[in-house]
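Right, one structure below, let's go through it.
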Amino acid sequence: MATPTKYPTEALKCWPKAKELRQQYYKDYASAHDRGGIRWSGGAWAFDAVPMGLGDDVHVMTGEPYAASIAFDRKFAQECQDATDARGWARDLCSYMRIYWGSMYLNRFFFGGEFPKPDFYYQTQICCSHAKWDQEASLYEKVPFYCIDVCVGPYETLTEERLNYVVKQLHDSIEGMEKTTGRKYDDEKLIAAVHNECRSTSLWAEICTLNKAIPAPLDEKTMFSLYVLNTLQRSSKQIGDFYEELRDEVKDRVARGIAAVPYERCRIITDTQPPWGFLKIYRYMEQFGVVSVGSLYTFGLEGIFGEQEDGSWGPRKTPQQLGIKIKTRDEALRITADWNLSRPQWQHFYDPAIKTRMMLRIVNEWKLNGVILHLNRGCEGLTVGSSENRLGLIKAGVPVMTYEGNMADEKEFDERRTTSRIESFMETLGLEQIPGAVAAQAAS
Amino acid sequence: MAELQEYWRWTEYTWRHPEMDWRQGKRIAAGIDVGSVSSQALILVDGEIFAFSNLRTGSNSPDSANNAIKAALKDTGMEIKDLQYTVGTGYGRVNVPFANRAITEIACHARGANFMAGPKVRTVLDMGGQDCKAIHCDERGKVTNFLMNDKCAAGTGRGMEVMADLLSIPIKDIGDLSFQVDEEPQPVSSTCVVFAKSEALGLMRSGWSKNMVLAAYCSAMAHRVSLLLGRIGVEDQFFITGGIAKNPGIVKRLEQELGIQAVKSQHDSQIAGALGAGLFADTLLQKGAQ
Amino acid sequence: MVEKFKEWYVNRHTYAKQWKEQTGGKIIGTFCTYVPEEILVAAKMLPARILGSHEPQDVTEPHIFGMFCPFCRDALAQGLKGRFNYLDGVVLAHSCIHFRQTFNSWRIHLPVEFSYYIPMPNTVQTPHARSYHRVEVENFKKAIEEYTGRPITEQHLDRGIEILNRNRRLLRKVYECRKLDNPPLTGEEAMYMAVTSQFIDKEEHSNVLEAVLKELPERKLPRDSGIRLMAVGSENDDAEFFKMVESVGSTVVIDEQCAGSRYFWNESVPNGDRLAAIANRYLDRPPCPVKDYPAHSRFQHVLNLAKDYRAQGAIIMQEKFCDPHEGDNPRLKKFLEENGIPTLSLEFDSTNPLGPFRIRVEAFLETIRGEELF
Amino acid sequence: MIKAGIDVGAKTIKVVLMEDGKIRAKAKVLSGFDQEESAKEALEQALKEAGLSREAIGSIVTTGNGRKAISYASGDVTEPRAAALGAVFLYPSVRTVIDIGAEESRAIKCDSSGKVLDFAVNEKCAAGSGAFTEAMARALEVPLEEMGPLSLKATQSIPMNAQCAVFAESEVISLIHSKTQKADIARAVHDGLSSRVVAMVRRVGLDPELVLIGGVAHNPGFVESFKRTVGIDDVRTAEEPEFVSAIGAALAVGK
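Residue numbers (the working numbering), protein chains in the order written: chain Z, 1 to 444; chain D, 445 to 734; chain F, 735 to 1108; chain H, 1109 to 1363.
Next comes the structure, spelled out in structure tokens:
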């Protein structure tokens, strides 16, 4: 077989900055109280722009990314999950939740010291586990819990009443936060935060859209450490600024034909969170010239997309870009509600057919050769409907491979079986290992 | 292909009180524990252990019960008809032909443990072939709360039996051998007993010694059991019944995990169930049961 | 008369087909117990709840991954095996994501004339859920009107509400008898009564209930009722399990499950606005844990039931992988035990080997019986 | 020239020697602790049977879970590919290959050239692999090879309610203690296994042009259950099911 073309590659300049932002984030949270600031915890999908109205010293720690960081430390991850098991919780519950609880029960903060107790929990309910997660956490920590129900059906069926239902709850939550913190709520700060949120999430969608290029400027393994910033605090200006910088760098990579994977000759996407402790399976696929250009998960968890003039998928236009001037609290809440309800990764909760449609769109627009679905035992929320997605993709003629695993519980991932499964899938795609790629990896 | 020698079984034996004359006794009570792997029959005379047997369970439990009681009665001059009250327990408890009543092994193990290790015992761990029970009891050996492993046998005696068979090592030696390693290896991850076999083979193929494999299994099992115990709450004065108590490879590692020592007893931990059943029989006799 | 319910339970599909022949009416499959049946009954339709059959099956593997609850797979299997081929429509009111898969796979692979998803509020504890859900119930009514081409008048609604309420009242009355020292019903029999009300014509069902209520005062169980137990937890109509539990010296006197009391416990309270009355009824009913937050409002209700029915112990029935219940049970267990109700937790699959369960149940009963052995 | 195929399985190692599309010799040994050594032994046996010397072998291709452990192999192929190649070589019309091994079972969809189009693997579930029958045989105290014939004597069909192999073992023991006939239990065991296998096969689609390979295909009790479950009367089982993958491996050279 002829040796495939080798594209030029370069390290991502923004990389260290992303790392730095993450570390600072957890430091700030842990030390917030020392500086008289406010701490809240909850889900990465919480309306994080809303608490911003409480002041500039409001710090958040979202549960999922925190648990994911722990997942890389298999030993501590296991200790946390054992601590949760020991309290009688079922082993098949969300593994992020079990890790977060464990860290809380053990009173051990992954980034050093005791587990920082939040002033309140703030969450959205779309996955069955979300409300239960913070219900337990708030009872254990004896702090208030505000939960916004966003189960109002897919965005394409959104009505005025459905939007109002969410907005009214957001209003209530602000009153609650004022009571809890004894602070006066500042609508100007909310408005700014909503603008930032839309900017950050639209920018990420734009960056993902740049990955339509061949060769792909980014591979999913890299994207994992980039998309995460939006899960931390998408409504902060810093994060938006970072994505702007990143967008420009990725644009430049596309212009100069810089690839993420040197021997790219087969493009795929995966699905749901990967088994964090075993990202090497992505490196293994690279040996065959396979690049994962992302997933509905990396794209749509925190990227807000919209149809472009030409009907293709791209960043949704932000209120700023549309010249909308937000004046009141209510306007701000309506915009953030509508914006979040359009989140791609929320749609499949109602119907797998919607997700299949989005995936097929990605298959075509990102020019893919196949899809790998992670049947993630650690997250029923993102795995829900996966089997129907598989059938839908196969029906449309897309080669699909599935593997079972767990994003954060290594007991449920089998490395040997998964690798040999990938190898078989490569055979069905007619791909063999590229000596050059193997050697390069061995060297690095 | 099937190994002829069954390394995984404990050896059978019987015991008899050296000088007791049962004919002097007022109450003769018996307890029969028909477990999935082994069966015990135990006879109490006026509340004192007179004789017992510890045999393997055949796949035909009524016979297991008969064989066990016959073995216990052998050369004692006592016959089944002399038993005034008999309680059956264990998986085959409802199939003990000559039993007056059946009581679960959970109640019996707690009662037996209370007799064997004293009234201060609050937590009893029974690791049988099929399941693992964490029992909390009061000063009379009355069960106040209990937990059993759900649909997973990792952490039951079976795991060890599989290893013994696979490595052709008598089960009684496993514990000691598991300590003959330079350093404690990583516990194995496999949670399914059925896959433990291939996992062990894989480890051996990658150059692990038999002892290392044993060490890895003992610590994995000790860890799983400690989680179960954690859920019921381990109090001081904690006692282990069942064959597993004879495996220091697990017991010592478990004690390390829990940070407390298990109470030791001069009795064979495998008779706890039959003993408890016998004690219940004796109580019922005193209460005038027929 | 009591036997009638078991007969219905066993022959539910034959019943449905006959109902269709005789009435020429439409049968709507309901997913979970949050569908406002008043609307369907007002439109003279037969609501039939989609349930499993507790038999081993091998047909759902391609559609629902094995990490989701056995109930949602067992239920889909019934559809894929063609047992519900008489359905004209299917409706789901938002409950858990597990069962939504059953509904969606059904829509994809078993097309029916009418399918509707009600985005019912999940946070039933917020006051805003009321005005919102009223609109959704109204939308549902409109959809039904469009489908049948007949308007649903206020009189129709009143009729629907009354038929449902009557059935609920009667079931409550039957449950009342279970408070007696020697309940005239076994838990198994009560389970058949409650479950069948979820797929048998409500009026027909109510008529038999009334007849049974006349019989009950004379009725005696052929055995000592033994320990009084409560069954609490996930969907479970596993008759074999109840049989076993009641064969080892106990009687289930009350339940808190969607196959039982949760389904019929409260009524629609008619006020001027009928749709609001219907909507509120479903927001105010004893909730499935998936809708029970921020507060655990359910816990006190469970304890009250245990006390009113003098349950001596509670069996917490946990459907494997049922996250909402798994998210409640450890705290519920603690709550009950702190209030003097011992509990036994069991993990259920669609089919269960009774041997291992039996040991646990017997041991549990021994701990409750207490002194006789000491 | 001679092409050797070695299937390095979890329990046994199978070797096949082929020459111009014909099978010259076969051998099978227990895997043991040293798969490489056992493989060598099996290879020697096969050469002896064929009256050939080591030099006569042109290529050695391995498959099976230990396929990477054989240093002297000239290459290796994945289990699905080997199974598909071997099955289509022996039975050209086959489009679905069902491979039930001791530890893993697989359903493979392939084309006329033996190219794998889609496949499903029974993930880490003992209840869907040969290990299940093995564990149950032990609980029943019946030699593994007698399980199948025994189950054919069943007089009634009882469902295997346990979903997991280990829980099933307790169930079997409970059944024994409730005096259920061993034959009926054995049938329940095979029904349980086949329903799991069929559930997996449905993931790639159930095509009547199928063949059962792997050691378990020898078990008449399983095959009967399988027929009942899929509702196909003439289910094709390979004549020497355990060698199909080794044949496929031998043929993989140059493909």
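Backbone N, C-alpha and C define an ideal beta-carbon position, used for all residues, glycine too.
Straight-line gap, residue i to residue j (C-alpha atoms, nearest Å)
i       : j       : result
D:L723  : F:H1059 : 40 Å
F:I784  : D:K696  : 52 Å
F:P917  : F:L955  : 7 Å
F:F1033 : F:E1072 : 12 Å
Z:L341  : Z:L301  : 12 Å
D:L448  : Z:Q273  : Residue confidence for D:L448 is low, a pLDDT of 49 falling below 50, so the modelled location carries little weight; the figure read from the coordinates is stated next. Those two C-alpha atoms are separated by around 48 Å.
Z:K19   : F:K1068 : 42 Å
F:G1007 : F:E872  : It should be pointed out that residue 1007 of chain F corresponds to Asp in this sequence rather than to Gly. If I take the Cα positions, the gap works out to 11 Å.
D:R537  : F:V982  : 14 Å
F:R996  : F:G921  : 15 Å
F:Q791  : F:H832  : 18 Å
H:V1338 : H:R1310 : 10 Å
F:D958  : D:I472  : 31 Å
D:L645  : D:C576  : 25 Å
Z:S424  : H:K1335 : 28 Å
Z:Y122  : Z:E160  : 24 Å
Best match in the options for proximity to residue i [C-alpha to C-alpha]
i       : options                            : result
F:Y743  : F:T882, F:M925, F:M854             : F:M925
Z:E197  : Z:M52, Z:R35, Z:W15, Z:M426        : Z:M52
D:G562  : D:M571, D:D575, D:E583, D:I579     : D:E583
F:E847  : F:C830, F:Y881, F:P853, F:S959     : F:Y881
F:W840  : F:P853, F:H828, F:L821, F:N970     : F:L821
F:Q932  : F:V775, F:E870, F:D808, F:R1094    : F:V775
F:G894  : F:M978, F:K876, F:K778, F:F837     : F:K778
H:L1252 : H:F1141, H:H1326, H:L1359          : H:H1326
D:T458  : D:D620, D:I618, D:K518, D:C662     : D:K518
D:A551  : D:F542, D:T567, D:S612, D:D490     : D:T567
H:G1166 : H:A1112, H:V1319, H:D1226, H:E1157 : H:A1112
F:K913  : F:F874, F:I961, F:H939, F:E870     : F:I961
Assigned exposure category for residue i - 16 Cβ within 10 Å defines buried
i       : result
H:D1128 : exposed
D:M445  : Low local confidence applies: a pLDDT of 34 at D:M445 is under 50, so the model's placement there is unreliable, with the coordinate-based value given in what follows. It is exposed - the Cβ of D:M445 has fewer than 16 other Cβ atoms within 10 Å.
F:R868  : buried
H:S1220 : exposed
Z:F72   : exposed
D:G703  : exposed
F:R902  : buried
Residue span of the alpha helix (DSSP H) that contains residue i, given as start and end
i       : result
Z:Y100  : 95–105
Z:T231  : 220–233
H:R1310 : 1290–1312
D:A733  : It is not in any alpha helix (DSSP H) - D:A733 carries neither H nor E in the DSSP assignment.
F:F975  : 973–981
F:Q1046 : Per DSSP, F:Q1046 belongs to no alpha helix (DSSP H) and is neither H nor E.
Z:T383  : 380–383
Residue i, enclosing beta strand (DSSP E) - first and last residue
i       : result
F:Y851  : 848–852
F:E990  : 984–990
D:Q484  : 482–489
H:K1217 : 1213–1218
Touch test, the stretch 1040–1053 of chain F against the stretch 75–89 of chain Z, Cβ-Cβ under 8 Å, three pairs minimum: no
contact_flag[the stretch 1251–1261 of chain H, the stretch 1338–1357 of chain H] where n(CB pairs < 8 Å) is 3 or more: With the cut-off at 8 Å, the stretch 1251–1261 of chain H and the stretch 1338–1357 of chain H do not touch.
Inter-stretch contact (C-beta, 8 Å, three-pair minimum) for the stretch 706–715 of chain D and the stretch 667–687 of chain D: yes
The stretch 1114–1123 of chain H touching the stretch 1294–1310 of chain H, judged by at least three CB pairs closer than 8 Å: The stretch 1114–1123 of chain H vs the stretch 1294–1310 of chain H: no contact.
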